[in-house]
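Quick note on full-length UniProt numbering: the sequence shown kicks off at 1 and runs consecutively.
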Amino acid sequence: MKVCPTQATQQRSDGIVTVDKDLCVGCKYCAIACPYGARNFVEKWTSYFGDDQPLSPLEEYGKKKWIEKFGEGTSTKCDFCVERVEKGLKPACIPGCPANARYFGDLDDPESEVSRLIKTERGFQLAPEFGTNPRVYYLSPR
């Protein structure tokens, strides 16, 4: 967040870090500075099947939604499907994980499922030495 010259990267009060596509100028400073390798830069939306193939209606929809949310020529990162979180839903990767290996919840509530798992399953953060105190935890293998 500190290296962004336009303040396009912000942290919400709930800890979720977002990138405002309308403020991002695509300088890629955030991608270079991110200690977690979590930033991506999308110069231009491209199809999985190459530019020489026509887009299916589903791809057209996906492209439209991608550009609405992330734009082109901008940096992106996981924002935990913030639009879902604001509606009281979990990020799409949580119910979509076939192994039920992902959890999402309120770290400020010591009684929440995620807080309990972090405590009982030896949850840890990546690169604590950077002092960024990420709100993403990993659980040690059993």
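Glycine included, every Cβ here is placed at the ideal spot set by N, Cα and C.
Rounded C-alpha distance that separates residue i from residue j
{"i": "Ser115", "j": "Asn133", "result": "15 Å"}
{"i": "Cys30", "j": "Met1", "result": "7 Å"}
{"i": "Val25", "j": "Lys63", "result": "20 Å"}
{"i": "Tyr61", "j": "Leu23", "result": "24 Å"}
{"i": "Val85", "j": "Asn100", "result": "18 Å"}
{"i": "Leu58", "j": "Gly37", "result": "29 Å"}
{"i": "Ser13", "j": "Val82", "result": "12 Å"}
{"i": "Asp109", "j": "Lys87", "result": "19 Å"}
{"i": "residue 157", "j": "Gln125", "result": "It is not possible to answer for residue 157, since the shown part of the chain is limited to 1 through 142."}
{"i": "Thr120", "j": "Gly96", "result": "24 Å"}
{"i": "Pro5", "j": "Ile16", "result": "20 Å"}
{"i": "Cys78", "j": "Val136", "result": "11 Å"}
{"i": "Ile118", "j": "Leu139", "result": "7 Å"}
{"i": "Pro141", "j": "Lys28", "result": "34 Å"}
Burial state of residue i, where buried means 16 or more other Cβ atoms lie within 10 Å
{"i": "Val3", "result": "exposed"}
{"i": "Val19", "result": "buried"}
{"i": "Phe104", "result": "buried"}
{"i": "Phe80", "result": "buried"}
{"i": "Ala92", "result": "exposed"}
{"i": "Ala33", "result": "exposed"}
{"i": "Thr9", "result": "buried"}
{"i": "Lys21", "result": "buried"}
{"i": "Thr74", "result": "buried"}
{"i": "Thr76", "result": "buried"}
Secondary structure of residue i, DSSP reduced to three states
{"i": "Tyr36", "result": "coil"}
{"i": "Tyr138", "result": "strand"}
Starting from the N-terminal side, write out each stretch of the alpha helix (DSSP H) that is 4 residues or longer and does not extend beyond the segment 39-120. Taking only runs of at least 4 residues, the alpha helix (DSSP H) segments lying wholly in the segment 39-120 are 57-70, 82-85, 93-96 and 113-120.
Evaluate the contact criterion for the segment 65-83 versus the segment 42-50: three or more CB pairs, one atom per stretch, below 8 Å. Contact holds: three or more Cβ-Cβ distances are below 8 Å.
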